[in-house]
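Novice: Supplied in structure tokens, the structure appears directly below.
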């Protein structure tokens, strides 16, 4: 049997080293201001904001196209005025049919 393995001082050093490594892992994983948990959380938030930015850019592009259509297409402008705002031409009777 190897007597070096039974040495209590060696066991204490191994135990202290293991505790130190465990403490450092917990510290860098959860307690530090730039911990692994914080980084993962921030990456998730960053991904969400990038997706939201792309979505908003797409909506902005669609709204700009709608603005251009309203400026350049009188038929589209009339359609929007009639459907969304209930406007009518002079001497015109509008009949609204309610959906069932």
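In my numbering, the protein residues as written are 61 to 160. No residue lacks a Cβ here, since even glycine has one placed at the ideal position from N, Cα and C.
For residue 148 and residue 156, I'd like the C-alpha separation in whole angstroms.
Specialist: Spanning the two alpha carbons is a distance of roughly 12 Å.
Novice: Are residue 89 and residue 96 touching if we call contact CB-CB under 9 Å?
Specialist: Yes, Cβ-Cβ distance for residue 89 and residue 96 is below 9 Å.
Novice: If we ignore side chains and look at the alpha-carbon of each, how far apart do residue 100 and residue 106 end up?
Specialist: So the alpha carbons of these two residues sit roughly 10 Å apart.
Novice: From residue 77 to residue 93, what does the alpha carbon distance come to, in whole angstroms?
Specialist: The alpha-carbon atoms of residue 77 and residue 93 are separated by roughly 24 Å.
Novice: Where do the N-terminal and C-terminal ends of the alpha helix (DSSP H) with residue 125 fall, by residue?
Specialist: Residues 96-132.
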